[in-house]
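Okay, so here's the structure we're looking at.
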Amino acid sequence: MELIISTDEESGSKIAYEILKETLLKNEQAVLGLATGTTPLKLYQLMIDDYQKGNMSYKNIKTYNLDEYVGLDENNPQSYRYFMNKILFEHLDIDLNNTFVPNGIGNQEVSILEYDKLLKNLGPADIQILGIGSNGHIAFNEPGTDFNLTTHVTELSKSTIKDNSRLFNNINEVPTKAITMGIKSIMESKQIILMAFGKNKQEAIYQLLSGKIDNKFPASILNNHQNITVICDKEASSLLTEKKID
Ligand code: F6R
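Per the numbering used here, residue 17 is the first one in the sequence shown, and the count goes up by one each step.
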């Protein structure tokens with residue numbers, strides 16, 4: 017696991033973009049694993065800026081996202097499909113038919129099987145972008161989740177609902193369930209970039225870097241991945257120096 021501590025979110029996102037760009041330039045048909053949330057926003061803006069300068073094309077790129085809230089359809093502004101369309105896809109030359117987000121509505125068993133089939137057909141992500149929850153979740157694999165699970169429906173933990181309520185009018189509007197890729201599929205990615213910015217992530221980064229693997233802290237399994245770069249800003253990394261992990 018390579019750790020990069022950036023001055024701030026801006027410079028951390030630039031480093032992430034350089035890594036991503038290198039991978040995409042090597043393979044114009046790359047499969048890109050994407051996350052939602054606040055963490056990748058600056059990275060996505062850098063992708064758009066560079067595309068608009070004519071430096072990149074996403075014409076032959078395929079993407080899949082980690083997760084979706086159960087009960088929200090693509091027209092709901094809080095859904096992750098809506099988020100991805102508005103924040104990223106509509107600003108690139110990507111074919112929307114080549115972008116995939118788990119289906120949050122309809123029969124869940126069917127949606128799960130369909131997504132696993134899709135992941136199998138597309139093959140492992142050439143590069144997977146990850147954020148991390150303050151409780152150590154990756155995608156919506158909450159504490160205690162079996163590392164061997166593939167796509168599944170999960171109950172969101174109280175802390176995730178509380179963290180995500182900042183993006184809703186009030187906490188009661190936050191969906192309580194999500195359909196998420198499992199850790200097994202995430203671990204199959206050829207390369208991973210995990211970003212973490214801000215004070216709220218300092219405990220999570222400290223635990224991740226401690227190297228102890230335990231499903232009570234789902235992200236800890238990433239210590240077993242062969243090609244992962246963790247990029248965090250000074251705030252998110254502050255406990256590492258305080259508690260002397262480097
Ligand atoms: C989002 C996802 C989540 C987020 C995590 C951090 O698709 O899978 O694991 O990466 O909840 O969220 P932010 O970036 O909003 O702090």
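Note that CB positions come from ideal geometry on N, CA and C, so glycine has one too.
Local conformation of Asp262 per DSSP, three classes
Here residue 262 refers to the residue found at position 246 when the sequence shown is read from its first residue. Any reading at Asp262 is ruled out, since the residue's pLDDT is 47, under 50, leaving its predicted position unreliable.
Which of the three DSSP states is assigned to Ile21 in this structure?
Locating residue 21 in the sequence shown gives position 5, counting from the first residue. Looking at Ile21 - three-state DSSP - the assignment turns out to be strand.
Of the residues Glu26, Ala32, Ala46, the one placed nearest Leu138, counting alpha carbons only:
The count along the sequence shown starts at 1 and reaches residue 138 at position 122. It is Ala46.
Considering only DSSP beta bridges, list what Ala51 is partnered with.
In the sequence shown, residue 51 corresponds to position 35, counting from 1. Note: Ala51 sits in no beta bridge, so no partner.
Between Ala194, Glu130, Lys206, Thr170, which has its C-alpha nearest Asn243's C-alpha?
Locating residue 243 in the sequence shown gives position 227, where the first residue counts as 1. Looking at the Cα atoms, Lys206 is the closest of the given residues.
7 Å Cβ cutoff met for His241 and Ile199
Residue mapping note: residue 241 aligns to position 225 of the sequence shown, counting from 1. Residue mapping note: residue 199 aligns to position 183 of the sequence shown, counting from 1. Their beta carbons are not under 7 Å apart, which means His241 does not touch Ile199 by this criterion.
Closer than 6 Å to a non-hydrogen atom of the ligand F6R - does that hold for the CB of Thr54?
Start at 1 with the first residue of the sequence shown, and residue 54 comes out as number 38. Yes - the ligand F6R has a heavy atom lying nearer than 6 Å to the Cβ of Thr54.
Measuring alpha carbon to alpha carbon, tell me which residue in Glu251, Leu41, Leu88 is nearest Ala194.
Numbered from 1 along the sequence shown, position 178 holds the residue referred to as residue 194. If you compare the alpha carbons of Glu251, Leu41, Leu88 with that of Ala194, the shortest gap goes to Leu88.
Note the first and the last residue of the continuous alpha helix (DSSP H) segment covering Asn101.
Counting from 1 along the sequence shown, the entry for residue 101 is found at position 85. Asn101: member of the alpha helix (DSSP H) spanning 96-103, first to last residue.
Residues near Asp83 by beta carbon distance below 7 Å, same chain, minus five either side:
Here residue 83 corresponds to residue number 67 of the sequence shown, with the count starting at 1. Closer than 7 Å at the Cβ level, and outside the excluded window around Asp83, lie Tyr96, Pro118, Ala155, Phe156, Ala194, Ile195, Thr196, Met197.
The ligand F6R and Asp24: does the residue's C-beta get closer than 6 Å to at least one heavy atom of that ligand?
Reading the sequence shown from its first residue, position 8 is the one you call residue 24. The answer is no for Asp24.
The alpha helix (DSSP H) enclosing Asn123, as first and last residue numbers
On the sequence shown, residue 123 is found 107 positions in, with the first residue counted as 1. Asn123 -> no alpha helix (DSSP H), and no H or E assigned at all.
So which of Lys42, Ala51, Gln61 has the shortest CA-CA distance to Ile202?
As a working note, residue 202 is residue 186 in the sequence shown. Ile202 has its Cα closest to that of Ala51, out of Lys42, Ala51, Gln61.
Compute the Euclidean distance between the alpha carbons of Pro159 and Pro191, then round it to the nearest angstrom.
Within the sequence shown, residue 159 is the residue found at index 143, counting from 1. Within the sequence shown, residue 191 is the residue found at index 175, counting from 1. C-alpha separation (whole angstroms): 18 Å.
Cβ-heavy atom distance between Gly120 and the ligand F6R below 6 Å?
Within the sequence shown, residue 120 is the residue found at index 104, counting from 1. Gly120: no, Cβ never under 6 Å from the ligand F6R.
Count the other CB atoms within 10 Å of the CB of Asp142; is the residue buried (16 or more) or exposed (fewer)?
Here residue 142 refers to the residue found at position 126 of the sequence shown. Burial call: buried.
Near the ligand F6R: Ala32 beta-carbon under 6 Å from a heavy atom
Counting from 1 along the sequence shown, the entry for residue 32 is found at position 16. The answer is no for Ala32.
How about Asp83: is its Cβ closer than 6 Å to a heavy atom in the ligand F6R?
Translated into the one-based positions of the sequence shown, residue 83 becomes position 67. Correct: Asp83 has its Cβ closer than 6 Å to the ligand F6R.
Determine the direct distance from the alpha carbon of Gly147 to that of Asp179, and round the result to whole angstroms.
Here residue 179 is taken as the residue at index 163 of the sequence shown, counted from 1. Here residue 147 is taken as the residue at index 131 of the sequence shown, counted from 1. If I take the Cα positions, the gap works out to 13 Å.
Helix, strand or coil for Ile35, going by three-state DSSP, please let me know.
To locate residue 35, count along the sequence shown from 1; it is residue 19. In this structure, Ile35 counts as helix in the three-state DSSP scheme.
Proximity below 7 Å, CB of Ala252 to CB of Ile221
Locating residue 252 in the sequence shown gives position 236, where the first residue counts as 1. Locating residue 221 in the sequence shown gives position 205, where the first residue counts as 1. Cβ distance < 7 Å, so Ala252 and Ile221 count as in contact.
With burial defined as no fewer than 16 other Cβ atoms inside 10 Å of the residue's Cβ, what is the status of Glu25: buried or exposed?
The sequence position of residue 25 within the sequence shown is 9, counting from 1. Its Cβ being crowded by 16 or more others within 10 Å, Glu25 is buried.
Whole-angstrom distance between Asn216 and Asp262, CA atom to CA atom
Sequence index remark: in the sequence shown, residue 262 carries index 246 (1-based). Sequence index remark: in the sequence shown, residue 216 carries index 200 (1-based). With a pLDDT of 47 at Asp262, under the threshold of 50, the predicted position of this residue should be treated as unreliable, though the coordinate-derived value follows. Each residue's alpha carbon lies about 19 Å from the other.
Determine which residues share a DSSP beta bridge with Asp249 and list them.
Within the sequence shown, numbered from 1, the residue matching residue 249 stands at position 233. Its beta-bridge partners are Ser22.
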